[in-house]
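Residue numbering for the sequence shown follows the numbering used here, starting at 1056 and increasing by one per position. The beta carbon of each residue, even a glycine, is placed where N, CA and C say it ideally should be. What you are looking at is a predicted structure, and each value in this text was computed from that prediction instead of being measured.
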Amino acid sequence: MQDDPVIRVVAKVLIPAIMLFALYVQFHGDYGPGGGFQAGVIFAAAFVLNAVVFGLHQARQVWPLRYNLIGVSAGVLLYGGTGVWSMLAGGNYLDYFALEADPKAAQHLGILLVEFGVGLTVAAVMVVLFFAFAGRASHIELVAKTTALEATTSKPASKSGSKSGSKSSAKTRGGA
């Protein structure tokens, strides 16, 4: 797909739209269906599309591994930090009412922070999983090519009719 100009142009238009839709799902999750998990998966889908259309190497340049580590860490810290903040404010863990004086604003702020942390973590984990599986496929292809090349360059082993030769080769293979 990397050589098709139509797919490349469509992907260049769709990727920002997908990311914008992910942000809509993220921030609209307080008022309707959606939230952090859904937004994280949609956001990661934009990077998967980027990798499929433009190649895995280019996608890794756009989203290096350290971004995944930062995303996962920041998301978990934001989620946990919101809970700790509510405890320091005198409430229970993730008791949003303790975050602000106005209960409605406190609920909104708490849910927004937690959902953003979830979205960040889910997006980073999904991208890590995609890179792991996509990189594994290219690794398997490389191993298969190397094995095929070694098989064509090596000479077939000559058969010896003696029993001692077969016993010694059996011993080297782990047999008795």
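- C-alpha of Ile1166 to C-alpha of Val1177: approximately 16 Å in a straight line.
- In this structure, the CA atom of Met1142 is about 38 Å from the CA atom of Val1103.
- Judged by DSSP in its simplified three-state form, Tyr1134 adopts helix.
- In this structure, DSSP gives Leu1204 a helical state, which the three-state scheme calls helix.
- Per DSSP, Asn1105 is one residue of the alpha helix (DSSP H) stretching across Gly1091 to Phe1109.
- Three or more Cβ pairs closer than 8 Å define a contact, and the region 1145 to 1152 falls short of that threshold against the region 1092 to 1106.
- The count of Cβ pairs closer than 8 Å, one atom from the region 1177 to 1191 and one from the region 1126 to 1138, reaches three, so the stretches are in contact.
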